[in-house]
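Visitor: Letter 61 of the sequence shown, counting from 1, is numbered 60 in numbering that gives the first Met the number 0, and no numbers are missing. Glycine residues also receive a C-beta, built at the ideal position from the N, C-alpha and C atoms.
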Amino acid sequence: MPAPCFRLTTLLLVVQFLNAAAPAIAAQSPTPSTGPVFTEEQATAGRLEFERTCAPCHAPDDGGERRAPALSGPSFRDKWGDRRVRELFVRMRDGMPPTGVRPQGDGYANILAFLLRENGQTAGARPLDPLSYDRLALASSGRRR
Ligand code: HEC
């Protein structure tokens with residue numbers, strides 16, 4: 000009975016091919032910007048807003064001597080890197096700054112884009128959706144500055 004035997008061989012070959020191809024496909028996923036999308040314009044606007052509203056308390060990076068934790072650098076990435084965009088957005092929007100004038104309009108989304116850029120993400124063509132369930136995907140190690 001040659002026919003069924005042939006089909007089985009073909010099937011095995013296909014399975015073997017898929018097994019061999021899987022790691023190659025996984026290895027092709029781009030490393031630099033697997034995180035959420037945001038534009039350069041957002042990050043630049045966010046920088047101004049951050050300097051004005053957040054930087055008085057938040058050091059720009061680890062090692063600062065201000066009152067609040069740094070929002071970039073290894074310890075921030077360790078803490079937030081695997082969480083979702085909307086979690087960080089809500090954390091900021093609902094609690095920061097603790098007192099005083101709050102950013103208006105797109106202010107918080109822009110600050111979030113700025114923080115993504117500060118933590119090593121690359122800007123792209125589409126604006127950030129601050130309520131997205133995407134992971135922040137900040138590298139917790141290996142990209143320390
Ligand atoms: C008056 C000082 C002050 C200002 C201004 C301020 N923060 Fe904070 N922020 C803090 C302090 C203190 C903490 C740590 C205690 C806490 O979690 O509430 C904190 C915590 C945070 C956290 C959590 C950090 C972590 O490691 O989990 C985020 C995110 C944050 N702030 C974002 C912002 C943003 C964005 C702004 C500007 C819109 C801002 N903060 C303005 C004092 C401030």
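What residue range does the alpha helix (DSSP H) around G106 cover?
Guide: Element bounds for G106: 106-117.
Visitor: Given the structure, does T52 come close to ligand 1, in the sense that its CB is under 6 Å from one of the ligand's heavy atoms?
Guide: Checking every heavy atom of ligand 1 against the Cβ of T52, one is found closer than 6 Å.
Visitor: Rounded to whole angstroms, what's the CA-CA distance from R125 to A67? Just pull it up for me.
Guide: Roughly 31 Å between the two C-alpha positions.
Visitor: Looking at G34 and F113, is the spacing between their C-beta atoms short of 7 Å?
Guide: Going by C-beta atoms, F113 is not nearer than 7 Å to G34.
Visitor: Would you be able to state if there are at least three C-beta pairs under 8 Å between the segment 76-84 and the segment 96-104?
Guide: Touching, no.
Visitor: When DSSP builds the beta bridges, which residues end up paired with A67?
Guide: A67 pairs with H57.
Visitor: My guess is that E48 and G106 are in contact by the Cβ rule of under 8 Å, so how many angstroms apart are they, rounded?
Guide: Confirmed, Cβ separation roughly 5 Å.
Visitor: Should L130 be labelled buried (16 or more other beta-carbon atoms within 10 Å of its own) or exposed?
Guide: L130 is exposed by the Cβ-count criterion.
Visitor: Since M91 is in the alpha helix (DSSP H), which residue starts that stretch and which ends it?
Guide: Residues 84-94.
Visitor: Taking the straight line between their C-alpha atoms, what separation do you get for W79 and G72?
Guide: Rounded to the nearest angstrom, the two C-alpha atoms are 11 Å apart.
Visitor: Measuring CA to CA, which of L115, L70, Q41, E40 is closest to A54?
Guide: Nearest option by C-alpha distance: L70.
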